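Sequences listed follow chains A and B, in order. The working numbering numbers the first residue of the first sequence as 5 and each following residue consecutively. The working numbering numbers the first residue of the second sequence as 62 and each following residue consecutively. We treat Cβ as the ideally placed atom computed from N, Cα and C, and that holds for glycine. These figures come from a predicted structure and were not determined experimentally.
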Amino acid sequence: MSVFGGGSIKSPAGKIEVVAEGGVPRSFGWRGRRYAVRDVLERWKDTGRWWKGEAPKLFFRVETAGGGLWEIYLDTDQNTWFLYKIYD
Amino acid sequence: MGGKAFVHLHVHSPFSFLDGASAVTDLVAAAAAMDMPALALTDHNNVSAAVRFARAARDAGIKPIQGAEVTVAGGYHLTLLARDAKGYANLCRVLTRAHLGSPRGKPCCAWDDLEEHRDNLIVLSGCRRGEIPSLILRRRYGEAKRAARRCLSLWGKGFYLELQDALLPGNRFLNNRLLELGRTLSIPVVATNNVHYARPEDFPVHDLLACVRLHISLEEVHPERPLNGENYLKSQDAMYALFSWCPEALRKTVEIAEMCEPALTDEKRYPEFPMPDERSPDAFLRELVYQGATERYGCLTPEVRERLDKELGVIARLGYADYFLVIWDMINYARAKGIRCAGRGSAGASAVAYCLYLTEVDPVARRLAFERFLSLERAEKPDIDIDFDSRYRDEVSQYVYRKYGEERVAVVATYSTFQVRSAVRDLGKAMGYKAEETDALAKSMPFIRADRIVESLELFPELRRGPWRRERYRPLFDFCARVAGFPRFLGTHLGGLIVSGAPVTNVTPLQLAARGVRIAQFDRDDVEDLNLVKLDLLSLRTLSVLEDAAEAISAVSPGFSYEKLPLDDAATYRLLNQGRTVGIFQLESPAQRALQARLNAANIEDIVASVALIRPGPIKGNMVDPFVARRQGREPVTYLHPKLVPILEKTYGVVLFQEQVIAIATELAGFTPGEADRLRRLMTHARSHREMRSLGEEFVRRAVAKGVDEKTAGEVFACLEGYASYGFCEAHAAAFATTSYWTAYLSTHHPVYFYTALLNHQPMGFYSPATLANEARSRGIRFLPPEVNTSGEKFTVENGAIRIPLTRVKEMSRPALESIIRARSRGPFFSLADFYSRTRVEKDVLKNLILCGAFDALHSNRRELLAWLPEVLAMSSRQKALDFGPPAGLADFSPVEKYALEYHILEMDIDRHYMSFRRGELRKEGYLTSRQLRGLRHGTWVKTAGLPVRPHRPPTKSGRIVVFLSIEDETGLIDITVFEDVYQRYGHLLFGPAPGPLKVAGILERRGRGVSITAKRIERLDL
């Protein structure tokens, strides 16, 4: 419904595979590479279009070991992670 | 308080107006269920929920912390909490300044005011819309620091930085910076959750209400909409999980709660009357009362003295002398100004009020228990309602403001809550339903609570036939149910005026209402709980009608005064006995008309009983028939015990009045009058059979102790049990009955003046002007059409007929009316062209004036005038109106066409009723007029037709629906009863957006002189 922050989307959103502990992502894989999460900078929850039956999404803005800035989210209905943004 | 202790200090209720989605009681219950020791309430810029919050918290055993989230300069939010009563008073003053010093509806606190009233407040930096968080989020860290320093300098240790984590983007950054700022400036931090609802599942309601507030639909994005559903009343565990990184912020919530004391105290805030000399208010009141008593009673009997002394003693003990003096003074002012007024309600049971001329009911003669009004045992606030001539009520209010000062007077508020229509419209729009759809739905809904829609769809046939049972409306109805009763607006109470001995802003903020008056933020119940006393200055249009009629009658019969009228005029009672009571105060509803037609009222006491009988309680309790039967001698009047004779003889052995319940408990069971009134109230509100049985046991025990045998005592209690909750206040009924009689007298002897005055004070009463005019016509009164040279602003009497005013003409504006009257004062109009050249009123007004016959006296062919109108409108200001005239030779409108146009423009008939045009065809089909029906036998199968008047569904004892309505034709009204089975078949014809004329067939019922039809078949009469 609403998106926080600036930056540019480098790649369209897509499913990713995430290793999480206590609901917090520790690493994720994308396009054959694995990225370790160094720090969770922000997290937020977007309830989405509840009136259409959408489930909430949990967003994480993470810094990876290589210094990349990413936004990924968990669709709580499908229990599936997606890549949302990559910051330049 | 060990373990994970936490208190929510930032909480919104529905009194945040479209920004809170759980009732105060639900919020308190949720906090109590989680064993939280306290809870704060911080609605936006108001404390309207403070009283109910304090009450709910007390009941739940938790500490209420009163507060508000205020808006400060720049539109920033700031959370204020009252440490105690002094802090609460400061909060009220800050809010008052915020409201009165800003445009209405946009309160804003000035920092100077916050500084002036800073004591005993705890201040939190607020949500993301707080100045400090907002600046931090915009990376203006230096400015945020300066803002924090300012707060610190104002509130010192009472200032906290508020940390919130409702899983919003930027929270981690914001909270880290706030923590850092706190450490730098030594400001403690405190965790809150900016609560807007009690449970996670209430989030959709909050989001939907936000859409209503922001005038957007659910599909639209808006920065003020909540991103997620995390703003609920989270448990201690949940808050500790969120703030595990900062446990001190959690601990602080408990410390703050411990610092706060309940802010609403029991201190009395009664008015203080400015005494003329050194005497005490009690002594002055005594003197006035005895002076009045001598005038009222002449010789003061021991009974009167004893009564007055007793009342004065109670008034003194409870500290209400000033209150009586304030009302006495106000009434004196009104009388001196010639403003008609009359006390009503339970104050009629006070001899003190009678001797001060606050009421006109003599409670000594009526043997009314003072305790129905005031007692030491109950110690409730006295409630004296005064009716004023509606035109001058505000003038009296202004006097009260001048006398006691603006800071000590305020108008009581009302909370307008979501009702079915507003809920359907507001929520429907936000949910994306089409406006036409929600409008049609809202219009088709009866006046029910917003949580009763679904059951109503099954109950009411007019709804069952519509499309509303489709699944697509279900989500809307579910949400309507969830907001039912939530406040929507703060409004102005019709007559409640708080007068306090101290500034009212000690306990309530003031704000401007739409009418421009300064209102408190509390309604009448809350005001009483705050130990404030209110005066009820009610506006009664009937008094205006009486005044107007009396003035007009005096012009032709000098010296006429209705107050001097005998109360036993035979002709007046004859009119009542015919049930011809349309327009008569309190006696005009169909049920009252039916009662009058069979009661055979012969004295004022019958009218007193009538006023009390036609109420939901007595009707549901089936009290009407036994009363009438005994009144007419058809049933023997019996008493269960000889002691009941003096108490019940005026109502023929039937317990009709609340005062009688008090008297019975006193005389038979030895209750003190105060205890007896408490018993009456307990019986009225007894929730369970067990409670009632326990009351009965006490009654019987005490009656037996007084020598009444147990069986009789039990029977008397059973009788009281049956009637207690239905009884009506005799003092109130007696106060109204005299006014009813006066209007009945005028209707009997001076009908032209009476109906003229009545029509001039619409809307009031039960019927539309069209029905009132029809009733007047059926009494032989002629109506004259509006006429440009004669009609004015009001209905007037002209040669024994009633002239319809220009204000009835559709589209007539105040400037147009004034322009016509001004031009006419320089000489009459002689043509349409002359009229237009001198008034320049708008085309639509001119057209309507032509079509309703207002120019008939100048030119009788309306179609020719209409054809001439374009030329007249094109006439230049230099053209002489005499130079030209209307085209000739056009056929005028037919009488039916004229009638239809007149009715459309005036919304009333002039000289004949719509049904008279249909009479020929209806007669052939066997349809009878209401007058013809009056001559038929009970049980006859009849058919009638006419316009439906006021169909309504009053509550019934059985719970089954019965509809009452009247059918109006050219000869008057006939009442129709529609029982559930017939209603279920034809209800859609009675209720709905635009019910038209109806044909009704059924069984004629006769009761006394009254005639009605029990409907069996209803059809629409084709137009």
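Item: On the criterion of 16 or more Cβ atoms from any shown chain inside 10 Å, does Y202(B) qualify as buried, or is it exposed?; Value: exposed
Item: Does the segment 790-801 of chain B come into contact with the segment 405-418 of chain B, if we say contact requires no fewer than three beta-carbon pairs (one atom in each stretch) closer than 8 Å?; Value: yes
Item: So the candidates are V617(B), D343(B) and C188(B); which of them puts its Cα closest to the Cα of Y814(B)?; Value: V617(B)
Item: Rounded C-beta distance between L182(B) and G219(B)? I'm assuming under 8 Å.; Value: 6 Å
Item: Kindly give me the distance between the Cβ atoms of L73(A) and G18(A), rounded to whole angstroms, as I take these residues to be in contact under 8 Å.; Value: Rounded, the Cβ-Cβ distance is 17 Å, inconsistent with contact.
Item: With a threshold of 8 Å between beta carbons, is K89(A) in contact with chain B?; Value: no
Item: Flag L78(A) as yes if its beta-carbon sits less than 8 Å from any beta-carbon of chain B, otherwise no.; Value: no
Item: Are the CB atoms of R763(B) and A730(B) nearer to each other than 8 Å?; Value: yes
Item: Using the beta-carbon count (16 or more within 10 Å), is N393(B) buried or exposed?; Value: exposed
Item: DSSP state of Q82(A), grouped into three classes?; Value: coil
Item: Taking the Cβ atom as the reference point for each residue, do L983(B) and L1065(B) lie within a distance shorter than 8 Å?; Value: no
Item: Just the C-alpha distance for V66(A) and T51(A), rounded to the nearest angstrom, thanks.; Value: 20 Å
Item: When the distance is taken between beta carbons, is V387(B) closer than 8 Å to M373(B)?; Value: Here residue 373(B) is Leu; the residue named in the question, Met, does not match the sequence. The answer is no: Cβ separation not under 8 Å.
Item: Identify the contact partners of G489(B) in chain A, using a Cβ-Cβ distance below 9 Å as the criterion.; Value: Ordered by position in chain A, no residue passes the 9 Å Cβ test against G489(B), which lies about 13 Å from the chain.
Item: My assumption, with CB atoms under 8 Å, is that G353(B) sits in contact with Y418(B). Please give the rounded CB distance.; Value: 6 Å
Item: Are any of the Cβ atoms in chain B nearer than 8 Å to that of D50(A)?; Value: yes
Item: Helix, strand or coil: which one does DSSP assign to S477(B)?; Value: strand
Item: Tell me which same chain residues have a C-beta within less than 7 Å of the C-beta of L819(B), skipping the five on either side of it?; Value: V606, G644 and L833
Item: Can at least three beta-carbon pairs, one atom from the segment 302-318 of chain B and one from the segment 530-537 of chain B, be found at a separation below 8 Å?; Value: no
Item: From T355(B) to K625(B), what does the alpha carbon distance come to, in whole angstroms?; Value: 20 Å
Item: Tell me the start and end of each unbroken alpha helix (DSSP H) in the segment 165-189 of chain B that is at least 4 residues and wholly inside, in chain order.; Value: 172-177
Item: Hey, out of D96(B), D500(B) and A862(B), whose CA is closest to V315(B)'s CA?; Value: D96(B)
Item: Within 10 Å of its beta-carbon, does R576(B) have 16 or more other beta-carbons around it, so buried, or fewer, so exposed?; Value: exposed
Item: From the DSSP output, read off the bridge partner residues of K313(B).; Value: None, per the DSSP bridge assignment.
Item: List the residues of chain A whose Cβ lies closer than 9 Å to the Cβ of G290(B), in chain order.; Value: K49, T51, W54 and P60
Item: Report the three-state DSSP secondary structure of F688(B) (helix, strand or coil).; Value: helix
Item: Applying a beta-carbon distance threshold of less than 8 Å, which residues of chain A neighbour P265(B)?; Value: W54 and W55
Item: Rounding to the nearest angstrom, what Cα-Cα distance links C402(B) and W803(B) in this structure?; Value: 14 Å
Item: Using the Cα positions of P261(B) and A724(B), report the straight-line distance between them to the nearest angstrom.; Value: 54 Å
Item: Could you check the C-alpha separation between T633(B) and S671(B) for me, to the nearest Å?; Value: 15 Å
Item: When you compare only the Cα positions, how much space is there between R189(B) and S195(B)?; Value: 6 Å
Item: Within 8 Å, do at least three Cβ pairs link the segment 1030-1047 of chain B to the segment 1067-1078 of chain B?; Value: yes
Item: Nearest by alpha-carbon distance to G694(B): which of E720(B), R659(B) and I708(B) is it?; Value: R659(B)
Item: Find out if the Cβ-Cβ distance for the pair L270(B), A82(B) is shorter than 8 Å.; Value: yes
Item: Nearest to H649(B) by CA position, among A496(B), S829(B) and L502(B), is which residue?; Value: The residue asked about is misnamed: residue 649(B) is Glu in this sequence, not His. Comparing Cα positions, the closest option is S829(B).
Item: Is there a C-beta anywhere in chain A that falls below 8 Å from the one on P956(B)?; Value: no
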